[in-house]
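S.K.: Under the numbering used here, read the sequence shown as residues 1 to 308, first letter to last. Take this structure first; my questions come after.
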Amino acid sequence: MDLGQLEAFVQVANQRSFSRAAEALFLTQPSVTARIQSLERDLGERLFERSGRGIRLTEVGECFLPHAERVLQALNAGRDAIESLRNLQSGSLVLASATTVSTYILPGLLKTFRARYPRIEVSVRTGRSEQVLQMMLQDEAQVGLVRAVYHQDIETRGLIEDELVLVANAAHELADAGSVTVEQLGDHPFIFFDRNSSYYSLAQGIFRQHGVVPRTQMELDSMEATKKMVEEGLGIAMLPKIALERELAAGILKVIEIADMPNPTRQIALISRKSRPLGPVAQAFVEIVTEIYGEPEQERQPEAAGVG
1 MDLGQLEAFV QVANQRSFSR AAEALFLTQP SVTARIQSLE RDLGERLFER SGRGIRLTEV
61 GECFLPHAER VLQALNAGRD AIESLRNLQS GSLVLASATT VSTYILPGLL KTFRARYPRI
121 EVSVRTGRSE QVLQMMLQDE AQVGLVRAVY HQDIETRGLI EDELVLVANA AHELADAGSV
181 TVEQLGDHPF IFFDRNSSYY SLAQGIFRQH GVVPRTQMEL DSMEATKKMV EEGLGIAMLP
241 KIALERELAA GILKVIEIAD MPNPTRQIAL ISRKSRPLGP VAQAFVEIVT EIYGEPEQER
301 QPEAAGVG
């Protein structure tokens, strides 16, 4: 018994015709007839019988048909699985990522991805979240990682909430204060990160809400440079906690609690085109994201979209 015999049997059973089965299989009718006869010899039973001007399954044929169909379905599923595996052995993954996310979150994800799929070529394009959104809309990337952005053609799934925290160097007078009010912050030199980012808007919003004018010491468009300025004691800053893991663990910087308000947050999200199903490679990356951060939340509209 072989695959060709089973394919011929299922086609003849469904078509109720040797000639139509031959057309469906791109074979000659004698070839289909020969396959059926060979299968009947293997089984030791007749599978078809004449019915007027046509044919029909015998009782044995009716019994055998669902089993033959399951075998073919299983083989097709196996072919699909092999094809997917083959694609993951040679292919490419194009990601679009917000700059901060690509610096502090993406390396860990890609380390796992590369260990699992070493032959996949990975390309990462970075920019602000709004730029990443445009990359996705123009099909320049398969998957995006951003501060949550929303568009009717984009599926946005939340991963984690990134907290914005107040930090100072370990020797700063506020480092051991326990907590500080927003009004007290107005007495200290403040370093702002990138006025075009959501972090800048969030930090400025805190001062506005409390009627406090910050003492702006400097403004930088580099997260690493901003952290270095704080480390050198040139001022305090509000920065995303995901960017501070090493400095906090080493005790170089310290988080200062703001007594009169909770720390603001921004959601980090996974985005993809609604009209473009993810291929095997992109889906493999999403599965790794899910393994590390859990199942992404379903799309929800916030009061404002982040741009970091």
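Beta carbons: idealized from backbone N, C-alpha and C, even for Gly.
1) What first and last residue would you give for the alpha helix (DSSP H) that runs through residue 131?
2) Do residue 98 and residue 167 have their beta-carbon atoms positioned less than 8 Å apart in this structure?
3) Mapping DSSP to helix, strand and coil, what is residue 274?
4) Assess contact between the region 111-126 and the region 75-91, defined as three or more Cβ pairs (one per stretch) separated by less than 8 Å. Is contact present?
5) Where residue 70 and residue 21 are concerned, what is the direct C-alpha to C-alpha distance, given to the nearest angstrom?
6) Compute the distance between the beta-carbons of residue 47 and residue 5, then report whether it is under 8 Å.
7) Are the region 223-243 and the region 120-128 in contact at 8 Å, needing three or more beta carbon pairs?
8) So residue 12 and residue 18 are in contact, right, with Cβ under 8 Å, and what is the actual spacing, rounded?
9) Let's test the definition: count the other Cβ atoms within 10 Å of the Cβ of residue 249 and tell me whether it reaches 16, buried, or not, exposed.
10) Kindly indicate which residue of 142, 106, 94 has the alpha-carbon position closest to the one of residue 159.
11) Since I believe residue 282 is in contact with residue 143 (beta carbons under 8 Å), could you give me their beta-carbon distance rounded to a whole number of angstroms?
12) Would the region 252-266 and the region 168-183 be scored as touching if the rule is three or more Cβ pairs under 8 Å?
13) Any idea what DSSP makes of residue 74, helix, strand or coil?
14) What are the boundary residues of the beta strand (DSSP E) that includes residue 217?
15) What whole-angstrom Cβ distance do residue 234 and residue 191 have, given they're in contact under 8 Å?
16) Go ahead and pull the three-state DSSP assignment for residue 161.
17) From residue 202 to residue 238, what does the alpha carbon distance come to, in whole angstroms?
18) Let me confirm a value: residue 68 is counted as buried when at least 16 other C-beta atoms fall within 10 Å, else exposed. Which label applies?
19) Count the other C-beta atoms from every protein chain shown that fall within 10 angstroms of the C-beta of residue 303, then say buried if there are 16 or more, exposed otherwise.
20) Would you identify the three-state DSSP class for residue 189, choosing helix, strand or coil?
21) Residue range of the alpha helix (DSSP H) that residue 241 falls in?
22) I think residue 183 touches residue 212, with their Cβ atoms under 8 Å apart; what is that distance to the nearest whole Å?
23) Let's test the definition: count the other Cβ atoms within 10 Å of the Cβ of residue 309 and tell me whether it reaches 16, buried, or not, exposed.
24) Which residue or residues does DSSP assign as beta-bridge partners of residue 93?
25) Where does residue 58 sit, in a helix, a strand or coil, going by DSSP?
26) What residue from 294, 23, 273 has the CA that sits closest to residue 154's CA?
27) Can you tell me the Cβ-Cβ gap for residue 198 and residue 266, rounded? I've got them flagged as a contact below 8 Å.
28) Short of 6 Å in beta carbon distance, which residues of its chain neighbour residue 221, apart from the five on each side in sequence? Order them along the chain.
29) Starting from residue 287, follow the alpha helix (DSSP H) in both directions and report where the run begins and ends.
M.R.: In this structure, then:
1) 129-137
2) no
3) coil
4) yes
5) 19 Å
6) no
7) no
8) 6 Å
9) exposed
10) 106
11) 5 Å
12) yes
13) helix
14) 215-220
15) 7 Å
16) strand
17) 9 Å
18) buried
19) With a pLDDT of only 39 at residue 303, under 50, the local geometry of the prediction cannot be trusted, and the value read off the model is given with reservation. It counts as exposed.
20) strand
21) Residue 241 -> no alpha helix (DSSP H), and no H or E assigned at all.
22) 6 Å
23) Shown here, the chain extends from 1 to 308; a query on residue 309 therefore has no answer.
24) 122
25) coil
26) 273
27) 6 Å
28) 194
29) 280-293
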